[in-house]
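Student: Sequential numbering of the sequence shown, starting at 296, is according to the working numbering. For every residue, glycine included, the Cβ atom is placed at its ideal position computed from N, Cα and C.
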Amino acid sequence: MKILVLVFHFPPISGGGVVVITDIINKFAELGNEVTVITPDLDWNGEQFNPKINSKIKVIRTETPSRNKIKIAARRCQSNIKKTAMEIGKSNQFDFIFTIFHPFHLVPKAAVEAAKELDIPSIVKVDDAIYEKASGIKSLQRKIEKRINGKTLRSGTRILVSNNDTKKIIINEYNVKPEKISIIPNGVDLSLFDITSEKDPKKIVFAGAMYYHRGLDILLEAIPFVIKKIPDAKFVLLGSGTEMEKLKKIVIENKLENSVEFKGWIKREQIPENISDASIGIGPLRLTDVTSRALPIKVLEYMAVSLPIIAQKGTLPDDVLENKKNGYFIENANDLAEKIILLLNQPKKVENMGIQSSKMVQKFSWNNVVKSIIEETKKF
Numbered sequence: 296m297k298i299l300v301l302v303f304h305f306p307p308i309s310g311g312g313v314v315v316i317t318d319i320i321n322k323f324a325e326l327g328n329e330v331t332v333i334t335p336d337l338d339w340n341g342e343q344f345n346p347k348i349n350s351k352i353k354v355i356r357t358e359t360p361s362r363n364k365i366k367i368a369a370r371r372c373q374s375n376i377k378k379t380a381m382e383i384g385k386s387n388q389f390d391f392i393f394t395i396f397h398p399f400h401l402v403p404k405a406a407v408e409a410a411k412e413l414d415i416p417s418i419v420k421v422d423d424a425i426y427e428k429a430s431g432i433k434s435l436q437r438k439i440e441k442r443i444n445g446k447t448l449r450s451g452t453r454i455l456v457s458n459n460d461t462k463k464i465i466i467n468e469y470n471v472k473p474e475k476i477s478i479i480p481n482g483v484d485l486s487l488f489d490i491t492s493e494k495d496p497k498k499i500v501f502a503g504a505m506y507y508h509r510g511l512d513i514l515l516e517a518i519p520f521v522i523k524k525i526p527d528a529k530f531v532l533l534g535s536g537t538e539m540e541k542l543k544k545i546v547i548e549n550k551l552e553n554s555v556e557f558k559g560w561i562k563r564e565q566i567p568e569n570i571s572d573a574s575i576g577i578g579p580l581r582l583t584d585v586t587s588r589a590l591p592i593k594v595l596e597y598m599a600v601s602l603p604i605i606a607q608k609g610t611l612p613d614d615v616l617e618n619k620k621n622g623y624f625i626e627n628a629n630d631l632a633e634k635i636i637l638l639l640n641q642p643k644k645v646e647n648m649g650i651q652s653s654k655m656v657q658k659f660s661w662n663n664v665v666k667s668i669i670e671e672t673k674k675f
């Protein structure tokens with residue numbers, strides 16, 4: 296098949312969404328499909344993500360207004376993206392257009408409109424479904440964008456969501472017909488992760504962006520209770536973000552420097568070695584509109600290296616974290632501390648829950664997920 300992919304987030308931009316799209320297009324190509332990617336040419340000054348892109352994939356970067364201001368570029372890039380898609384679409388018989396939906400950029404609008412004009416199907420994979428709450432002018436802006444995004448989703452041939460909760464949001468918030476929506480989860484490249492690594496029986500790991508929704512302040516609140524019972528417990532935090540300096544201050548104020556290590560942002564290829572020797576993986580610890588039933592890639596990576604997971608109740612889907620089977624849902628900092636202490640004191644329970652995580656993650660292999668995406672095209 297010939298697949299045209301239109302996306303906003305693309306290397307060297309870093310983040311979970313970029314990992315998702317690069318894994319998907321690489322798997323598309325690996326399965327024998329011809330893939331062309333159109334993405335805006337952005338001036339990205341953040342952490343760099345430079346994964347290996349299959350040599351059979353053609354990447355076209357379009358001229359983008361306000362290219363050094365990502366939030367503005369996200370809304371201004373659609374015209375050139377669509378123009379380029381139309382130009383190459385007329386000279387190449389693509390089977391479908393694939394795009395990733397996020398509320399704050401308009402590339403899906405370009406993708407769906409181009410597909411309609413080229414008379415080919417469009418598949419829209421929903422990354423994030425809703426905005427954080429806003430007020431004032433920003434609230435008005437989001438209402439306008441929601442109207443645009445709703446039309447985009449309703450016009451797409453097929454909408455892919457990761458779980459039933461997101462499906463309900465797409466139906467209720469954007470008025471999309473249920474029959475247009477299919478549930479296909481995010482995935483993980485299991486070949487990158489070693490489940491035979493020796494575990495550090497006292498290491499607890501968090502990997503991901505350090506922002507409010509992740510609830511790392513709740514973890515820091517729990518740590519004093521943990522080290523009172525288990526003094527040599529070690530908490531390793533991977534990643535960076537807007538909350539990082541605030542979190543470091545909390546660690547210093549509470550004299551937790553010997554128990555907490557901030558490793559900062561690390562390269563994608565270094566993630567497996569940094570999480571594989573841990574005993575517990577920490578998922579989202581604060582329930583918000585953003586984290587409700589979401590599926591961070593890092594949680595699948597914890598599972599890929601056989602870690603039990605601890606997360607706030609209501610954040611992760613039930614087929615990712617099954618309470619008391621491959622980890623625990625918790626409700627507050629005290630509950631979190633109790634579950635960490637429980638696991639660190641019972642290595643066999645850690646091992647058994649890790650085995651369950653490893654079994655449960657198999658269905659999230661990108662090989663299976665991407666085959667499911669391609670199967671969707673046979674329904675048109």
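For my contact list, residue 599 and residue 645 are in at a C-beta cut-off of 8 Å; report their separation, rounded to the angstrom.
Tutor: Along the sequence shown, read from residue 1 onward, the residue named residue 599 stands at position 304. Along the sequence shown, read from residue 1 onward, the residue named residue 645 stands at position 350. About 16 Å separates the two Cβ atoms, so there is no contact after all.
Student: Are residue 457 and residue 590 touching if we call contact CB-CB under 7 Å?
Tutor: On the sequence shown, position 162 is the one that residue 457 refers to. On the sequence shown, position 295 is the one that residue 590 refers to. Contact flag set, yes.
Student: Verify whether the separation of the beta carbon atoms of residue 531 and residue 556 is less than 7 Å.
Tutor: Taking the sequence shown and counting its residues from 1, the one referred to as residue 531 is at position 236. Taking the sequence shown and counting its residues from 1, the one referred to as residue 556 is at position 261. In contact: residue 531 and residue 556 (Cβ atoms closer than 7 Å).
Student: Drop a sphere of 10 angstroms on the beta-carbon of residue 374, count the other beta-carbons inside from all chains shown, and report buried for 16 or more, exposed for fewer.
Tutor: Taking the sequence shown and counting its residues from 1, one reaches residue 374 at position 79. Under this definition residue 374 is an exposed residue.
Student: Alpha carbons only, please: which of 486, 525 and 412 is nearest the one belonging to residue 554?
Tutor: Sequence index remark: in the sequence shown, residue 554 carries index 259 (1-based). Of the candidates 486, 525 and 412, the one whose C-alpha sits nearest the C-alpha of residue 554 is 525.
Student: Pair every Cβ in the segment 351-363 with every Cβ in the segment 399-408, then say whether three or more of these pairs are closer than 8 Å.
Tutor: At 8 Å Cβ cutoff, the stretches do not touch.
Student: Within 8 Å, do at least three Cβ pairs link the segment 445-461 to the segment 580-590?
Tutor: As far as the Cβ criterion goes, the segment 580-590 touches the segment 445-461, which means the pair count is three or higher.
Student: Where in the segment 321-346 do unbroken runs of the beta strand (DSSP E), each at least 3 residues long, occur, reported from the N-terminal end onward?
Tutor: Complete beta strand (DSSP E) runs here, min 3: 329-335.
Student: Taking only runs that begin and end inside the segment 504-541, name each unbroken beta strand (DSSP E) of 3 or more residues, in chain order.
Tutor: Runs found: 529-533.
Student: Can you name the residues that DSSP bridges to residue 557?
Tutor: Within the sequence shown, numbered from 1, the residue matching residue 557 stands at position 262. Residue 557 is bridged to 532.
Student: Taking DSSP's pairing of strands, which residues face residue 677 in a bridge?
Tutor: The shown model of the chain, from 296 to 675, leaves out residue 677, and the question about it has no answer.
Student: Strictly by DSSP, which residues pair up with residue 394?
Tutor: Numbered from 1 along the sequence shown, position 99 holds the residue referred to as residue 394. Residue 394 pairs with 301 and 419.
Student: Could you give the residue range of the beta strand (DSSP E) that holds residue 356?
Tutor: Here residue 356 corresponds to residue number 61 of the sequence shown, with the count starting at 1. Per DSSP, residue 356 belongs to the beta strand (DSSP E) from 353-357.
Student: When the Cβ atoms of the segment 298-306 are set against those of the segment 332-339, are three or more pairs found closer than 8 Å?
Tutor: Enough Cβ pairs lie closer than 8 Å, so yes.
Student: With distances taken Cα to Cα, identify the nearest neighbour of residue 499 among 603, 536, 574 and 379.
Tutor: Locating residue 499 in the sequence shown gives position 204, where the first residue counts as 1. The shortest C-alpha separation from residue 499 is found at 574.
Student: Does the count of Cβ pairs from the segment 463-474 and the segment 485-504 closer than 8 Å reach three?
Tutor: The segment 463-474 vs the segment 485-504: no contact.
Student: Provide the residue(s) that pair with residue 477 in DSSP beta bridges, ordered along the chain.
Tutor: Counted from its first residue, the sequence shown places residue 477 at position 182. Paired residues: 455.
Student: Pull up the distance between the alpha-carbon of residue 627 and that of residue 506, whole angstroms please.
Tutor: Here residue 627 is taken as the residue at index 332 of the sequence shown, counted from 1. Here residue 506 is taken as the residue at index 211 of the sequence shown, counted from 1. Using only the alpha carbons, I get a separation of about 18 Å.
Student: Considering Cα atoms alone, identify which of 561, 453, 597 and 421 is closest to residue 650.
Tutor: Your numbering for residue 650 matches position 355 in the sequence shown. Closest by alpha carbon: 597.
Student: What separation, rounded to the nearest whole angstrom, lies between the Cα atoms of residue 337 and residue 379?
Tutor: Looking up residue 337 in the sequence shown gives position 42. Looking up residue 379 in the sequence shown gives position 84. Using only the alpha carbons, I get a separation of about 16 Å.
Student: Expressed to the nearest angstrom, what Euclidean distance is found between the alpha-carbon atoms of residue 593 and residue 534?
Tutor: As a first step, residue 593 is located in the sequence shown; it is residue number 298 there, counting from the start. As a first step, residue 534 is located in the sequence shown; it is residue number 239 there, counting from the start. Distance between the alpha carbons of residue 593 and residue 534: 11 Å.
Student: Taking the alpha-carbon of residue 659 as reference, which of 446, 562, 319 and 548 has the nearest alpha-carbon?
Tutor: Taking the first residue of the sequence shown as position 1, residue 659 is located at position 364. When each option's Cα is compared against that of residue 659, the closest is 319.
Student: Between residue 409 and residue 377, how many whole angstroms is the CB-CB distance? I'm expecting something under 8 Å.
Tutor: On the sequence shown, position 114 is the one that residue 409 refers to. On the sequence shown, position 82 is the one that residue 377 refers to. Confirmed, Cβ separation roughly 5 Å.
Student: DSSP three-state call for residue 384: helix, strand or coil?
Tutor: What you label residue 384 is simply residue 89 of the sequence shown in a count that begins at 1. Of the three classes helix, strand and coil, the one that applies to residue 384 here is helix, per DSSP.
Student: Is the segment 558-569 in contact with the segment 667-674, if contact means three or more CB pairs nearer than 8 Å?
Tutor: Verdict: no, contact absent.
Student: Rounded to whole angstroms, how far is the Cβ of residue 298 from the Cβ of residue 328, which I believe are closer than 8 Å?
Tutor: Taking the sequence shown and counting its residues from 1, one reaches residue 298 at position 3. Taking the sequence shown and counting its residues from 1, one reaches residue 328 at position 33. Confirmed, Cβ separation roughly 5 Å.
Student: Go ahead and pull the three-state DSSP assignment for residue 660.
Tutor: The count along the sequence shown starts at 1 and reaches residue 660 at position 365. Residue 660: strand per DSSP, three-state reduction.
Student: With DSSP run on the structure shown, which of helix, strand or coil describes residue 348?
Tutor: By 1-based counting over the sequence shown, the position of residue 348 is 53. In this structure, residue 348 counts as coil in the three-state DSSP scheme.
Student: If you follow the beta strand (DSSP E) that residue 500 is in, where does it begin and where does it stop?
Tutor: Locating residue 500 in the sequence shown gives position 205, counting from the first residue. Here the beta strand (DSSP E) through residue 500 covers 498-502.
Student: Which value, in whole angstroms, describes the spacing of the CA atoms of residue 513 and residue 352?
Tutor: The sequence position of residue 513 within the sequence shown is 218, counting from 1. The sequence position of residue 352 within the sequence shown is 57, counting from 1. Taking the straight line joining both Cα atoms gives about 43 Å.
Student: Determine, using beta-carbon pairs with one atom in the segment 604-612 and one in the segment 540-549, whether at least three such pairs fall under 8 Å.
Tutor: At 8 Å Cβ cutoff, the stretches do not touch.
Student: Measure how close the beta-carbons of residue 392 and residue 406 come, nearest whole angstrom, since I'm counting them as under 8 Å.
Tutor: As a first step, residue 392 is located in the sequence shown; it is residue number 97 there, counting from the start. As a first step, residue 406 is located in the sequence shown; it is residue number 111 there, counting from the start. Indeed, because the Cβ distance is near 5 Å, the residues count as touching under 8 Å.
Student: Residue 615 bridges to which residues according to DSSP?
Tutor: Indexing the sequence shown from 1 puts residue 615 at position 320. None, per the DSSP bridge assignment.
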